[in-house]
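Protein sequences, first through last, are from chains A and B. Using this note's numbering, the first residue of the first sequence is number 203, and each one after it goes up by one. Using this note's numbering, the first residue of the second sequence is number 17, and each one after it goes up by one.
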Amino acid sequence: MRFTLVKDLRTDVLMRPIIGGLLLFTLLFLIFDVWHTSEKIGMIPTKVATFLYGNEEEFVEPVTQTSLLEIIHMDTFFAMMTLLTLSAVYARLSNSNSRKMVMINLAMISAIIAIISLMSAFLVHHFFLYVWLGCFSIWHVVAFGMGIESLWKLYRL
Amino acid sequence: MKNAYRAAILYFTFFAVMLLVSGTWLFATKIGLSPDAVTLYYLGNEALFQMPKSSEGLLEIVLPHLGGMGLFIMVSAHFMLFAPKNRHQWAKITAIILFTTALLDIFSPYAIINGFAFFNWVKLISFFLLQSLALFLLGLVFLSAFEGVVKH
């Protein structure tokens, strides 16, 4: 959080490339997280349903509660750290107070709901599967937007 | 502190509580919440067709937790820099105990599989102490950030 104390990140010779690198890695993480999730869980309702509940016709076993908890435990950690660092950088670089509050709130709330709804889809009702798909997509898109805007603000002339 | 930072910190505490809940749930499901269940999980039982855990198997759990827990405790505790100074001492003591209990929690399974069966108690106590103190620290962080929002 040292960068929160630097007066102008765009003119700081040390912090500008460091924050630029962090943003690049964050954007890559978001892309690869979507790719990894689409391979492992799925990004279309039928594939997610097969992962969660199995498919007797295709002899696919449902995921175990322990495996799903392990996925959720790791996803929570990575979402927490990614969104915390990204929000701190974005809050420092974005000019519009109202937009930054909307973006940060939207990304954080949708990520929290995504994590809860994946477990709910397994334990409660398949409706939550759609909630998970929607919220997972929203938090990744919004976080990606925050990353791009931060990079733009950091390197624009 | 800007409101955007405060919002990020408040959300961080929600995420952290979810991390603690999923960790406890995972512990209860995978290992069990009694000393006997901990021993059974690590030492296995031939009659129940349960394999004992190997050093290499434990390493796969230890490695990500060493990085993750260290980072988690540091990030949570450092937010107390934004809190009133009278809470710094509490946060310092909590962080030191958290680092110690995290180490005990992470490494006690090695003692169990190497013949020190009583470390099942160490594993259980350190795990619950870790969860409780992490909740306490997050409570302090939440309180400090929330007070800032109210005063702002």
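Virtual Cβ for every residue (Gly too), placed ideally from N, Cα, C.
- Counting of Cβ neighbours within 10 angstroms places residue 122 of chain B among the buried residues, the total reaching 16 or more.
- Contiguous alpha helix (DSSP H) elements confined to the segment 214 to 299 of chain A occur at 217 to 242, 247 to 255, 267 to 295, taking only those with 4 or more residues.
- Selection B:136, B:159, B:119 evaluated against residue 80 of chain B yields B:119 as nearest (Cα-Cα).
- Considering only B:84, B:90, B:33, the residue with the shortest C-alpha distance to residue 112 of chain B is B:90.
- Per DSSP, the continuous alpha helix (DSSP H) segment holding residue 349 of chain A begins and ends at 329 to 357.
- Between the beta-carbon of residue 271 of chain A and that of residue 38 of chain B there is about 6 Å, and that keeps the pair under the 8 Å contact cut.
- Among the residues of the segment 75 to 91 of chain B, those with a Cβ less than 9 Å away from any Cβ of chain A are 80, 84, 87, 88, 91, in the order of the chain.
- Residue 42 of chain B belongs to the set of residues whose beta carbon lies under 8 Å from a beta carbon in chain A.
- Considering only beta carbons, no part of the segment 236 to 247 of chain A lies closer than 8 Å to chain B.
- Membership of residue 39 of chain B in the alpha helix (DSSP H) is indicated by the continuous run 19 to 46.
- In the three-state reduction of the DSSP assignment, residue 130 of chain B falls in the coil class, being assigned neither a helical nor a strand state.
- Under the DSSP definition of a beta bridge, residue 105 of chain B lacks any partner.
- The criterion of a C-beta distance shorter than 8 Å is satisfied by residue 157 of chain B and residue 96 of chain B.
- Excluding five sequence positions before and after residue 242 of chain A, none of the CB atoms of its chain fall closer than 6 Å to its own CB.
- One thing to note: residue 245 of chain A has its Cβ within 8 Å of the Cβ of residue 335 of chain A.
- If you draw a straight line from the Cα of residue 325 of chain A to the Cα of residue 274 of chain A, it comes to about 13 Å.
- A straight-line Cα-Cα distance of about 39 Å links residue 219 of chain A and residue 42 of chain B.
- In this model, residue 99 of chain B and residue 28 of chain B are separated by some 16 Å (Cα to Cα).
- Against residue 30 of chain B, the close residues of chain A are 314, in the order they occur along the chain (beta-carbon pairs closer than 7 Å).
- Ranking A:260, A:282, A:263 by CA distance to the CA of residue 32 of chain B puts A:282 first.
- The beta carbon of residue 286 of chain A sits closer than 8 Å to some beta carbon of chain B.
- Residue 307 of chain A has a beta carbon lying within less than 8 Å of a beta carbon in chain B.
- Apart from the 5 residues on each side of it in sequence, residue 114 of chain B sits with its Cβ closer than 6 Å to the Cβ of 89, 149 in its chain, given in chain order.
- Spanning the alpha carbons of residue 279 of chain A and residue 36 of chain B requires a straight line of approximately 10 Å.
- Spatial neighbours of residue 232 of chain A in its own chain (CB-CB distance under 8 Å, excluding positions within 5 residues in sequence) are listed in chain order as 284, 342, 345, 346, 349.
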